[in-house]
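Count the sequence shown with our numbering and you get residues 2 to 153, in order.
Cβ atoms here follow ideal geometry from the backbone N, Cα and C, with glycine treated the same way.
A quick note: this is a predicted structure, and the numbers were derived from the prediction, not measured.
Have a look at the structure below, then the notes.
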Amino acid sequence: MSQRLLARALVAVTLAVAACATVGDAPGPPLRAQHALGVRRLLVLGVSFPGIEPGRTPAQLREHVLERSAEYYATQSWGKTRIEGDVKGWYRLPRSLEDYKVSPHNVEVDRSRVRLLVEDALSAAEKDVVFAQYDHIAVTVGVRRGPASATA
Numbered sequence: 002m003s004q005r006l007l008a009r010a011l012v013a014v015t016l017a018v019a020a021c022a023t024v025g026d027a028p029g030p031p032l033r034a035q036h037a038l039g040v041r042r043l044l045v046l047g048v049s050f051p052g053i054e055p056g057r058t059p060a061q062l063r064e065h066v067l068e069r070s071a072e073y074y075a076t077q078s079w080g081k082t083r084i085e086g087d088v089k090g091w092y093r094l095p096r097s098l099e100d101y102k103v104s105p106h107n108v109e110v111d112r113s114r115v116r117l118l119v120e121d122a123l124s125a126a127e128k129d130v131v132f133a134q135y136d137h138i139a140v141t142v143g144v145r146r147g148p149a150s151a152t153a
């Protein structure tokens with residue numbers, strides 16, 4: 002698996018995690034758009050875990066992640082950025098949810114386990130996907146992990 006591919010997927014996961022929380026009152030560094038205009042290709046990989054069925058269908062995943070992201074970026078960029086892409090999955094990962102320590106709280110995220118989740122997701126999908134066709138990859142877990150949920 003190429004380091005560039007892994008880095009693209011990790012950035013997507015990192016941005017998704019970073020968007021969920023802020024630390025302190027100080028503003029962060031200014032964001033820099035790189036290659037943000039025009040059509041951006043997004044691959045959404047749905048992953049599931051042994052013994053846990055995904056909480057959404059692939060069609061629901063398409064609507065929830067891909068279509069909503071496309072609407073958001075089109076609106077925020079005044080139509081200058083268009084998200085197109087595909088949803089692939091569900092891919093059953095080889096380890097349990099607990100092994101990856103998926104958490105709804107940023108302070109509990111273990112970077113090495115997130116990296117392992119991304120590596121396993123990319124490995125599971127590589128037989129079906131030409132990753133070079135996409136600018137961004139979003140790995141989406143098939144379970145809800147909110148503070149109110151006890152087990153999933």
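| request: Write down every uninterrupted run of the beta strand (DSSP E) in the region 35-104 whose length is 3 residues or greater and which is fully enclosed by it, in chain order. | output: 39-49 and 82-93
| message | Tell me the rounded alpha-carbon separation between Ala126 and Arg63. | response | 17 angstroms
| said: According to DSSP, simplified to helix, strand and coil, what is Val144? | reply: coil
| query | Comparing alpha-carbon positions, which option in Leu38, Val119, Thr82 and Ala71 lies nearest Arg93? | reply | Val119
| query | Under the DSSP definition of a beta bridge, which residues are partnered with Ala133? | reply | Paired residue(s): none; Ala133 is not in a bridge.
| said: Check for me: the alpha helix (DSSP H) holding Asp121 runs from which residue to which? | reply: Arg112 to Ala126
| task | Identify, in the order they occur along the chain, each residue of the same chain with its Cβ nearer than 7 angstroms to the Cβ of Val142, setting aside the five sequence neighbours on each side. | result | Val48 and Val103
| Separation of His65 from Gly56, as counted between CA atoms | 12 angstroms
| Quick one: what's got a C-beta closer than 7 angstroms to Tyr101's C-beta in the same chain, skipping five residues either side? | Arg114, Leu117 and Leu118
| task | Quick one: residues in its chain with C-beta nearer than 6 angstroms to the C-beta of Asp136, no 5 flanking neighbours on either side, listed in chain order? | result | Arg41 and Arg42
| request: Using alpha carbons as the reference points, say which of Phe132, Pro95 and Val110 lies closest to Ile53. | output: Pro95
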